[in-house]
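Beneath this line is the structure, given in structure tokens, with notes to follow.
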Amino acid sequence: MADSAEGTGGGERPIGWFNYGCSYLDAAEHLVRAIEQGQLTLRFDSPVSFLVGHGLELLIKAYLRSAGMTDAQVERIGHNLQTLLSTAAARNLDFELTELEQGHVALLNRDFGGRPYAVRYLRTGAKQVHDDRVVLAAARRLEDHIRPGVLASMRGS
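Shown next as structure tokens:
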């Protein structure tokens, strides 16, 4: 297993961002399935949430790269999922989250997209939590939606 760079001097191609994001979602799906089947018990859900959030982030960034943004422009947006989604919408992403998905993405974003990165570092106490399965399903819908454009951008580069 090796990571491969697909850079062309101007940064990573959209397909690189896309495949990297899909890999995070694949890993999250395997963990969710293992947990649901009783094959794995985690002390915290945060590792799954991190994989789901990062996979979604990378898919949105793949779309933004395919829509003409540079790596530097995309990276400046940061990790905020809602900011990424609104930037993608402003760049003609014709994709909408359901109301349920919006709520769960917002809850995940609170812990993923801004400091103190609660899905990366331990933060105890009561809080309202998202459902990783809802966000994962939304990310997979986004994956299917942007795949043709990402692939088309390969032919144009």
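Residues in the sequence shown are numbered from 901 upward in steps of one, following this note's numbering.
Where a beta carbon is used, it is the ideal one built from N, C-alpha and C, also for glycine.
Please read these numbers as outputs of a predicted model, since none were measured by experiment.
- Runs of the alpha helix (DSSP H) spanning 4 or more residues and lying entirely within the stretch 933-1005 occur at 946-966, 971-977 and 981-990, in chain order.
- Cβ atoms of residue 1013 and residue 1036 stay farther apart than 8 Å, at about 17 Å.
- Residue 993 is not a Cβ neighbour of residue 1021, given a cutoff of 8 Å.
- About 18 Å separates the beta carbon of residue 968 from that of residue 921, a gap too long to meet the 8 Å contact definition.
- Around residue 941, the same chain offers 935 as residues with beta carbons nearer than 8 Å, after the five sequence neighbours per side are excluded.
- The DSSP-derived three-state label of residue 1047 is helix.
- By alpha-carbon distance to residue 966, the top candidate from 973, 1003 and 915 is 915.
- Taking 8 Å as the cut-off, the beta carbon of residue 958 is found no closer than this to the beta carbon of residue 928.
- Distances from the CA of residue 1023 to each of 1011, 974, 1032 and 1031 were compared; the closest alpha carbon is that of 1011.
- When only Cα atoms are considered, residue 976 and residue 912 end up about 15 Å apart.
- In the three-state scheme derived from DSSP, where H, G and I count as helix and E and B as strand, residue 926 is classed as helix.
- Taking the Cα of residue 1027 as reference, the smallest distance to any Cα among 1041, 1044, 1007 and 1042 is reached at 1007.
- Close CB contacts of residue 991 within its chain, under the 6 Å cut and outside five residues either way in sequence, are with 967 (chain order).
- Excluding the 5 residues flanking it on each side, residue 1041 has same chain C-beta neighbours closer than 8 Å at 995, in chain order.
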